[in-house]
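Numbering (our numbering), first residue to last: 65 to 249.
Below: the structure, in structure tokens.
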Amino acid sequence: MILMDDIIREGHPTLRTKAEEVKFPLTDETRKLAEDMLQYLINSQDPEMAEKYNLRSGIGLAANQVNSLQRMFALHLKDEAGEQLSFVAINPKIVSHSVENTYLTAGEGCLSVDRNIPGYVPRHARITVKFKTIDGEEKKMRLKGLPAIAFQHELDHLNGVMFYDRINEKNPFAEIPDSIPYERD
65 MILMDDIIRE GHPTLRTKAE EVKFPLTDET RKLAEDMLQY LINSQDPEMA EKYNLRSGIG
125 LAANQVNSLQ RMFALHLKDE AGEQLSFVAI NPKIVSHSVE NTYLTAGEGC LSVDRNIPGY
185 VPRHARITVK FKTIDGEEKK MRLKGLPAIA FQHELDHLNG VMFYDRINEK NPFAEIPDSI
245 PYERD
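Right, dumping it as structure tokens:
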């Protein structure tokens, strides 16, 4: 079971290192890590489990954040229609994206960052993605809203990029051209 102590924090070199492609079939160790990453997110959103194990709530977790340089991340959140999205994306790619951008009006946060960093993080409003599941099945999805933002945030982790790298340093709340602000519930 992954706990907060297993999640590395900003300043750790693994967070700035590009993760490597995962080979199939998965090793037992890689499969367990993928399952544990998703379970952390599920547990962190359960008030009883979160309190019992002192877990910070999260909707995404990349392998880099648990000090593993494998190209995979887990997401557990609801989409625009209120449907639960819960999956591990292995070797994920964005195959196309909208010209239109979006950003979270409240800014982004991260389990590896223990401080509030204000500012808008520009993201593509809609993305089409491809990835493999834990079982090696190829998936293609179209995402928008919070799932699209979270997918891009986690994909950045796999490339050694932190969300605050994308915030305008001179004016963190500068208007982002061609964008629709996203209000998180």
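From the three backbone atoms N, C-alpha and C, an ideal C-beta is built for every residue, glycine too.
>> I'd like to check one pair, I66 with M113: are the Cβ atoms closer than 8 Å?
In response: For M113 and I66, no; Cβs fall outside 8 Å.
> Going by DSSP, what residues sit across from T166 in a beta bridge?
Replying inline: R187, I244, per the DSSP bridge assignment.
>> Distance check for M226 and P77, CA to CA, integer angstroms please.
In response: Distance between the alpha carbons of P77 and M226 is about 12 Å.
> Is K116 helix, strand or coil by DSSP?
Replying inline: Reduced to three states, the DSSP call for K116 is helix.
> My guess is that E85 and N128 are in contact by the Cβ rule of under 8 Å, so how many angstroms apart are they, rounded?
Replying inline: With 8 Å as the limit, E85 and N128 do not qualify as a contact, their Cβ atoms being about 14 Å apart.
> In the DSSP assignment, what are the bridge partners of S160?
Replying inline: S160 pairs with T192.
> Excluding sequence positions up to five away, which residues of its chain have a Cβ less than 8 Å from the Cβ of T81?
Replying inline: Take T81, set aside five residues on each side of it, and the residues of its chain with a beta-carbon closer than 8 Å to its own are N128, L133, G224, in chain order.
> Going by beta carbon distance, what residues of the same chain come within less than 6 Å of G173, once the five residues before and after it are set aside?
Replying inline: Nothing listed; no residue qualifies.
> How far does the beta strand (DSSP E) with G124 in it reach, from first residue to last?
Replying inline: Start and end: 124-126.
>> Output needed for I158: all residues of its chain with C-beta closer than 6 Å, excluding positions within five of it in sequence on either side, in chain order.
In response: Result list for I158: I191, V193, in chain order.
>> Please list the terminal residues of the continuous alpha helix (DSSP H) segment that includes H221.
In response: H221 -> alpha helix (DSSP H) spans 209-222.
> Using CA coordinates, which residue listed in L97, P182, V177, H140 is at the minimum distance from N235?
Replying inline: The closest CA to that of N235, considering only L97, P182, V177, H140, is found on P182.
> Which of the three DSSP states, helix, strand or coil, is assigned to L102?
Replying inline: Annotated three-state conformation of L102 is helix, per DSSP.
> To the nearest angstrom, how far is it from the Cα of K116 to the Cα of E99?
Replying inline: The alpha-carbon atoms of K116 and E99 are separated by roughly 20 Å.
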